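Here the protein sequences come in this chain order: Y and S. Under the numbering used here, the first sequence has 297 at position 226, and the numbering climbs by one with no breaks. Under the numbering used here, the second sequence has 75 at position 4, and the numbering climbs by one with no breaks. Beta carbons are placed, not taken as given, at the ideal position from N, Cα and C, and that holds for glycine. Since this is a predicted model, take the numbers as computed values, not measurements. What follows is a single structure, written as structure tokens, with notes after it.
2 protein chains.
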Amino acid sequence: MGGDSGPLITIPSAISAINHLPNLHLILCGDESAIQSQLKLNNSSNHPQITIVHTSEVVAMDEKPSIALRTKKDSSMRRALDLVQSGEAQACVSAGNTGALFASAHYVLKMLPGIERPALVSQLPIANSNQHAFMLDLGANVFCDSNTLFQFAIMGSVMSEQVDGIASPRVALLNMGEEEIKGSDHIKQTANLLKACPEINYIGFIEGNDIFSGKADVIVCDGFVGNVALKTCEGVARLVMAKVLEIIKESKFTRILGLLLIPTLKKMVKRLNPDQYNGASLIGLRGIVVKSHGNATSSAFYNAILEAVKEVERQVPEKIKTKLELGLVKRS
Amino acid sequence: MGGDSGPLITIPSAISAINHLPNLHLILCGDESAIQSQLKLNNSSNHPQITIVHTSEVVAMDEKPSIALRTKKDSSMRRALDLVQSGEAQACVSAGNTGALFASAHYVLKMLPGIERPALVSQLPIANSNQHAFMLDLGANVFCDSNTLFQFAIMGSVMSEQVDGIASPRVALLNMGEEEIKGSDHIKQTANLLKACPEINYIGFIEGNDIFSGKADVIVCDGFVGNVALKTCEGVARLVMAKVLEIIKESKFTRILGLLLIPTLKKMVKRLNPDQYNGASLIGLRGIVVKSHGNATSSAFYNAILEAVKEVERQVPEKIKTKLELGLVKRS
């Protein structure tokens, strides 16, 4: 039911996903009649890979997270998380109210042992390559202490290993300089924790200009910095797009050439907004939660479903738990 | 003497500046014979608008700021700052070691009354416009409390008024969301200080994607966030450039488009690196200091000189002092 368009977007994405993956079973939580009518429109009524769980409530996109958590116990979002908690579902994908999803996921699923805070993580593109880097936290937390950042490094490392198949992911801390003396005390403390942990291939500090350069497979920062950096990317991409459009408009000739460039650049701007591209994952919980953007297109929501499937197959939460135990044991 | 190329870059820039501004007088601090030989090469020996102050030392680009401050009292950088402090010069422009410049400027010039920390500020481009926004702090400090951020807002507002001639500059706080409940406690406290100050046209929180949108004339954040955001911009601009180049290489036809696009895009990437474009100013001090990039071109260093001239003409430090007094008086 979530997102700006609800079942209009989520149902077609769900159908594409089950058609693509014959072993995938989707439990659609929400208003049964709205779901049924969309399934019918897409010629998929009574599909064997789909179960509907009717819910009587919906968390509005502008609802206060605390209110949603306390009062909307039969919302589509809450029921989906309950199904993950009970083991009836293996992952939850939502395009709904971000704050409510985070608060409810935290409350319903609980943290993995040894992890204090969940982190929002996503893949960012790397220049001149098809590779990507995982960056976290992208805004689930405001400020993070050194232990939390250390845990984020473990979690990011597992994501890169399991989802991207990187053998020994290079983990970097985002800082305002590469020199060891730079940055705040908690960043320096985190660096010391990471250096002392043999489970992590820590490569040092990197600066903002290297997020997309391919220097690191995992980039760790607190949620405030990650969120500002990521949204700034979107701003710059739009700025560059505006400049390109300005040049292209200058003559008929350049306008034709623009037809070649604009679609690729638009796709790139979108890639810089991860939850519009393939969702961002809320990790550190005892269950898998993927957040798609409120105004996600069908293909973005479809990508978010595939991302959840990948995390289920690779057992990301279990792997984080193991890696953290190993990291902490070897550290002590 | 500063920067990667020293007088090879700074002398031609100095000559361009005095030729452009007949009332400008430049005091060149550094090794006299190196300066003289560059002046001669540029047919400007004994120029009436130039004085040379010979210094026996140079702060190396990789020197520790504390060492430079303590031991290099006859360095070109230190002497230039001394001249500002004594009133013999009205501004200092340097492409030298950033940390050493900040530490020495802070020590030699001292803070303006009521200002606790200097801030690094620069102009950023705005999409679809020739306007720009001032953003601070870009990395002179790591973490800033709410009083410091409040002072930065006052200083940024004065820069926008005096340098850009904006009557009532719109001041925004960079945050991870626009809603009032978002962000850290010290950001919320800063918002309250700004709301209560009639001297500031405070417009609320903005997110990273609005840095270049023209919503605000002044964007305030702590040095860590500002530095990461700005350097991330550079990274994204390079990423987009790489993508454009990739598409352009595809055919002869698109290569022609490239000839039109590449120079403008390269210029744009440079504009996103303020100290390569026109320098970044260290404000809050009892004197004017403009920092140009270590690998600045002649035109970038020339722009930094013009920026310093502008700040002298508009009496930026005095205006900051007055505005701060007004803001604090009305607040109490």
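Measuring straight from C-alpha to C-alpha, what distance separates residue i and residue j?
i             : j             : result
residue 372/Y : residue 293/Y : 26 Å
residue 144/S : residue 350/Y : 56 Å
residue 123/Y : residue 189/Y : 29 Å
residue 302/S : residue 382/Y : 32 Å
residue 377/Y : residue 230/Y : 15 Å
residue 86/Y  : residue 115/Y : 7 Å
residue 319/Y : residue 316/S : 15 Å
residue 154/S : residue 227/S : 26 Å
residue 137/S : residue 354/S : 20 Å
residue 105/Y : residue 379/Y : 24 Å
residue 241/S : residue 195/S : 15 Å
residue 76/S  : residue 175/S : 21 Å
residue 83/S  : residue 374/Y : 55 Å
residue 391/S : residue 197/Y : 42 Å
residue 408/S : residue 255/Y : One cannot answer for residue 408/S here, as it falls past the ends of chain S, which runs 72 to 403.
residue 222/Y : residue 364/Y : 26 Å
residue 389/Y : residue 343/S : 42 Å
residue 395/S : residue 264/S : 13 Å
residue 368/S : residue 238/Y : 42 Å
residue 152/Y : residue 249/S : 27 Å
residue 384/Y : residue 304/Y : 31 Å
residue 335/Y : residue 200/Y : 15 Å
residue 403/Y : residue 225/Y : Caution is warranted here: a pLDDT of 48 is assigned to residue 403/Y, below 50, making its placement in the model unreliable, and the coordinate value is therefore given only provisionally. One C-alpha to the other measures close to 16 Å.
residue 362/S : residue 81/S  : 13 Å
residue 140/S : residue 148/Y : 59 Å
residue 97/Y  : residue 162/Y : 10 Å
residue 74/S  : residue 209/S : 19 Å
Nearest chain Y C-beta to residue i closer than 9 Å, yes or no?
i             : result
residue 189/S : no
residue 75/S  : no
residue 337/S : no
residue 309/S : yes
residue 247/S : yes
residue 103/S : no
residue 220/S : no
residue 283/S : yes
residue 365/S : no
residue 126/S : no
residue 131/S : no
residue 403/S : Its pLDDT being 47, under 50, residue 403/S is placed unreliably in this model, and the value from its coordinates should be taken loosely. With 9 Å as the cut-off, residue 403/S does not count as an interface residue toward chain Y.
residue 168/S : no
Determine, for residue i, whether the minimum Cβ-Cβ distance to residues of chain S falls below 9 Å.
i             : result
residue 302/Y : yes
residue 138/Y : no
residue 235/Y : no
residue 371/Y : no
residue 314/Y : yes
Classify residue i: buried if its beta carbon has 16 or more other beta carbons within 10 angstroms, exposed otherwise.
i             : result
residue 233/S : buried
residue 150/Y : buried
residue 91/Y  : exposed
residue 167/Y : buried
residue 111/Y : exposed
residue 119/Y : exposed
residue 142/S : exposed
residue 126/S : buried
residue 330/S : exposed
residue 186/Y : buried
DSSP puts residue i in a beta bridge; with which residues?
i             : result
residue 272/Y : 241/Y
residue 128/Y : 146/Y
residue 196/Y : 203/Y
residue 122/Y : 98/Y
residue 152/S : Bridge partners of residue 152/S: none, in fact.
residue 354/S : 190/S
residue 162/Y : 359/Y
residue 289/Y : 205/Y and 242/Y
residue 182/Y : 356/Y
residue 277/S : 245/S
query: Just checking, does the segment 305-317 of chain S make contact with the segment 281-291 of chain S on the three C-beta pairs under 8 Å criterion?
result: no
Validate contact between the segment 246-261 of chain Y and the segment 205-219 of chain Y using beta carbons, cut 8 Å, 3 pairs: yes
Touching by the beta-carbon criterion (3+ pairs, under 8 Å), the segment 180-199 of chain Y and the segment 262-277 of chain Y: no
At least three beta-carbon pairs within less than 8 Å, the segment 124-136 of chain S to the segment 161-176 of chain S: yes
message: With three or more C-beta pairs closer than 8 Å as the rule, is the segment 284-291 of chain Y touching the segment 203-213 of chain Y?
response: yes
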